[in-house]
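*Asks:* The sequence shown runs 803 to 1141 under my numbering.
C-beta atoms are modelled at their ideal positions from N, C-alpha and C, and glycine is treated no differently.
Just so you know, these numbers come straight off a predicted model, no measurement behind them.
Quick one: the structure is below, questions incoming.
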Amino acid sequence: MPRPPAPPARPTRPTRRGLLLAGAGAAALGAAGVGVARARSGDDLADVAGTLRIATGNPGAVFDRYGRALAAEVGRAMPAVTSAIVSTGGSFGNLLAVVDGRAEVAFSLGDSAQQAIAGAAPGIAAVDLTALARLYDSFLQVLVRADSDIGALGALAGRRVTAGEADSGTRVVATRSLEASGVDVADVDLVDLSLQAGVAALADGEVDALAFVSGFPVPALVELGRQVPLRALDVGAAVPDLVDLWGPQYVVGPLPAGPYGLPAPVATVSVKTYLVALPSLGEDLAHGFTSVVFDRQEALARAVPDVRQPTAAAGIFTQPVPLHPGSLRWFRERDRSAT
């Protein structure tokens, strides 16, 4: 398979202070489109009004569970805001929901957001996106039954594999990882299934492997591991070629053994996860939602105790997706209050 041109040299890593200073100009420009809003503290959100529908992806997955907790907390922090969940097949379905006006905020894998901005996302024309925050990292989890003879990604040629639905970010990460491992994706029988349907198919032996990209652990996969002995494929070796082919958004990450009852931990592919919105999202809504993400983490942790809460220190680093002016304002206010 011909390799695309090498990606551009990696830019110098921006600092938090540099982002905040540079973002001041972006915030001013953004305010022209969304209206100048007065500063609000975390205790001054009760009069923020509007609608915040959150596109989360597969029911039962981490995006979905965390999104439901966020929507509930939005209702408590901003009672004049109507919040709801929009379920889709995954990142591209989430992004399309925002573009189509069915959602205001979307969970998205970083590479999916980059494709949407570049006009390379399936079914989505090039679109301006902004980020509200960087969340936890997501991991490619490729599972087979413990008695399977499949030991590596290269052995998936000629096999039936569920790797998310057609509008999922999982599909992109999984197929790119297969290609980086020397597998012709055309030789893999990819079955379009939701997470829940894929879990059932692997348990019943109807597919040979299940691939899913998500935060860790995924409750549906934890339950599957209690029913059926599982192994995870080590796919960390694919990362250098992934970076060579598509850029530095992919890094090696760990997949621990415990939650799924695996015989051993493995290395896998990790990709950033963002909350994104169109630039037209009102500044007060974006600011208030960012406040909920970071200022109400005790309540969120009680609702979804197994979801790793994002840190503000990392949450500002959303490049190459620019921060929404409302989110930038929250980060700047936090920095001022800390000094």
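Does the segment 1083 to 1094 come within contact of the segment 947 to 964, defined as at least 3 CB pairs closer than 8 Å?
*Replies:* Counting Cβ pairs under 8 Å, fewer than three are found: no touch.
*Asks:* Looking at the unbroken alpha helix (DSSP H) that takes in F1096, where does it start and where does it end?
*Replies:* Residue mapping note: residue 1096 aligns to position 294 of the sequence shown, counting from 1. Here the alpha helix (DSSP H) through F1096 covers E1085 to D1097.
*Asks:* Rounded to the nearest angstrom, what separates V1123 and A1115 at their Cα positions?
*Replies:* Taking the first residue of the sequence shown as 1, we reach residue 1123 at position 321. Taking the first residue of the sequence shown as 1, we reach residue 1115 at position 313. Looking at the two C-alpha atoms, the distance is approximately 17 Å.
*Asks:* Whole angstroms is fine: what's the gap from P1112's alpha carbon to A928's?
*Replies:* Stepping through the sequence shown from its first residue, residue 1112 is reached at position 310. Stepping through the sequence shown from its first residue, residue 928 is reached at position 126. About 28 Å.
*Asks:* Measuring alpha carbon to alpha carbon, tell me which residue in R878, S1016 and I856 is nearest L847.
*Replies:* For the purposes of this step, residue 847 is taken as residue 45 along the sequence shown, with counting starting at 1. L847 has its Cα closest to that of R878, out of R878, S1016 and I856.
*Asks:* CB S910 to CB S889, shorter than 7 Å?
*Replies:* The count along the sequence shown starts at 1 and reaches residue 910 at position 108. The count along the sequence shown starts at 1 and reaches residue 889 at position 87. Going by C-beta atoms, S910 is not nearer than 7 Å to S889.
*Asks:* Do the CB positions of T858 and D866 come within less than 7 Å of each other?
*Replies:* Counting from one through the sequence shown, the residue named residue 858 turns up at place 56. Counting from one through the sequence shown, the residue named residue 866 turns up at place 64. Yes, the pair counts as a contact, with Cβ atoms nearer than the cut-off.
*Asks:* Less than 7 Å separating the beta-carbons of G912 and Y1052?
*Replies:* As a first step, residue 912 is located in the sequence shown; it is residue number 110 there, counting from the start. As a first step, residue 1052 is located in the sequence shown; it is residue number 250 there, counting from the start. In this structure, Y1052 does not lie closer than 7 Å to G912 by Cβ.
*Asks:* Short of 7 Å in beta carbon distance, which residues of its chain neighbour A899, apart from the five on each side in sequence? Order them along the chain.
*Replies:* Mapped onto the sequence shown, residue 899 falls at position 97. Around A899: A857, V888, T890, A905 and A908.
*Asks:* Would you kindly work out how many angstroms separate the C-alpha atoms of P1081 and A923, rounded to a whole number?
*Replies:* Position 279 of the sequence shown, counting from 1, holds the residue named residue 1081. Position 121 of the sequence shown, counting from 1, holds the residue named residue 923. Computed Cα separation, rounded: 18 Å.
*Asks:* Does the Cβ-Cβ distance between V1073 and S983 come in under 7 Å?
*Replies:* In the sequence shown, the residue the question calls residue 1073 occupies position 271. In the sequence shown, the residue the question calls residue 983 occupies position 181. No, the Cβ-Cβ distance between V1073 and S983 is not below 7 Å.
*Asks:* Please name the residue in R1131, R1136, R1138 and E1135 whose C-alpha comes closest to that of L934.
*Replies:* Here residue 934 refers to the residue found at position 132 when the sequence shown is read from its first residue. The candidate whose alpha carbon is nearest that of L934 is R1131.
*Asks:* Locate the alpha helix (DSSP H) running through Y868, then write down its first and last residues.
*Replies:* Reading the sequence shown from its first residue, position 66 is the one you call residue 868. Here the alpha helix (DSSP H) through Y868 covers V864 to A879.
*Asks:* Using the rule of at least 16 other Cβ atoms within 10 Å of the residue's Cβ for burial, across every protein chain shown, is Q943 buried or exposed?
*Replies:* Against the sequence shown, residue 943 aligns to sequence position 141. So Q943 ends up on the buried side.
*Asks:* For the structure I just gave you, are there three or more beta carbon pairs, one from the segment 1040 to 1048 and one from the segment 1006 to 1026, closer than 8 Å?
*Replies:* The segment 1040 to 1048 vs the segment 1006 to 1026: no contact.
*Asks:* Here's the rule: buried if 16 or more other CB atoms are within 10 angstroms of the residue's CB, otherwise exposed. What is E967?
*Replies:* For the purposes of this step, residue 967 is taken as the residue at position 165 of the sequence shown. Per the 10 Å Cβ criterion, buried.
*Asks:* According to the neighbour-count rule (16 or more other Cβ atoms, all chains shown, within 10 Å of its Cβ), is R1028 buried or exposed?
*Replies:* Your numbering for residue 1028 matches position 226 in the sequence shown. By the 10 Å Cβ count, R1028 comes out exposed.
*Asks:* What is the residue span of the alpha helix (DSSP H) that A766 lies within?
*Replies:* There is simply no residue 766 to check, as the chain begins at 803 and stops at 1141 in what is shown.
*Asks:* Rounded to the nearest angstrom, how far is the Cβ of A1034 from that of L945, given a contact under 8 Å?
*Replies:* Position 232 of the sequence shown, counting from 1, holds the residue named residue 1034. Position 143 of the sequence shown, counting from 1, holds the residue named residue 945. At roughly 6 Å, the Cβ-Cβ gap stays under 8 Å, so A1034 and L945 are in contact.
*Asks:* Return the chain-ordered list of same chain residues with a C-beta closer than 7 Å to the C-beta of D1036, the five sequence neighbours on each side being excluded.
*Replies:* Counting from one through the sequence shown, the residue named residue 1036 turns up at place 234. Closer than 7 Å at the Cβ level, and outside the excluded window around D1036, lie V1068 and A1069.
*Asks:* Apart from the five residues on each side of it in sequence, which residues of its chain come closer than 8 Å, Cβ to Cβ, to G827?
*Replies:* Residue numbering aside, residue 827 sits at position 25 when the sequence shown is read from its first letter. Reliability fails at G827, whose pLDDT of 42 lies under 50, so the model's placement of it is uncertain and no value is given.
*Asks:* Pick helix, strand or coil for S1016, following the three-state DSSP scheme.
*Replies:* Taking the sequence shown and counting its residues from 1, one reaches residue 1016 at position 214. Reduced to three states, the DSSP call for S1016 is strand.
*Asks:* Give every residue of the same chain whose Cβ lies closer than 6 Å to the Cβ of V1078, excluding the five residues on either side of it in the sequence, and list them in chain order.
*Replies:* Here the question's residue 1078 lines up with position 276 in the sequence shown. A908, S910, A915, L931 and A933, listed in sequence order.
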